[in-house]
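Residues in the sequence shown are numbered consecutively from 43, following the numbering used here.
Beta carbons: idealized from backbone N, C-alpha and C, even for Gly.
Everything numeric in this text was worked out from a predicted model, so none of it was measured.
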Amino acid sequence: MQTDKDLLLKGIKYLGFTVLFMFSAPFVLYEAFKNQENPLFIPVLVLGIILAILAIFLAFYGIKTIMDSLFDSKKK
Numbered sequence: 043m044q045t046d047k048d049l050l051l052k053g054i055k056y057l058g059f060t061v062l063f064m065f066s067a068p069f070v071l072y073e074a075f076k077n078q079e080n081p082l083f084i085p086v087l088v089l090g091i092i093l094a095i096l097a098i099f100l101a102f103y104g105i106k107t108i109m110d111s112l113f114d115s116k117k118k
């Protein structure tokens, strides 16, 4: 049972992007709620929600990719 190193690196990249989105999404949401009178409130709020959903999706996908690389569950 060997580790697929290319797939492992791909999963680590996904987790790296997850960390980026995990810090940027709350910041964008905070800025949106801080400026509720601003006409760009709705677009900034939607952007923050999309970033948060993307962070959650990438976290699950990155962990799944790492588990696939470790336990050799390739579809043959």
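Query                                                                                                                    : Result
Please classify G58 as buried or exposed, where buried requires at least 16 neighbouring CB atoms within 10 angstroms.   : exposed
Can you tell me whether DSSP reads D114 as helix, strand or coil?                                                        : coil
Can the beta-carbon of I92 be found less than 8 Å from the beta-carbon of L50?                                           : no
Among E79, L96, P81 and D48, whose alpha-carbon lies nearest the alpha-carbon of A121?                                   : Any property of residue 121 remains undetermined from this structure, which presents the chain solely from 43 to 118.
Do L100 and F63 count as a contact pair if the criterion is CB distance below 8 Å?                                       : yes
Given this structure, state the Cα-to-Cα distance separating K52 from E79, to the nearest angstrom.                      : 42 Å
Once the 5 residues before and after T60 are set aside, which same chain residues still bring their CB inside 7 Å of it? : A97, L100, A101 and G104
Would you mind working out which of D110, V70 and D114 sits nearest V86, comparing C-alpha positions?                    : V70
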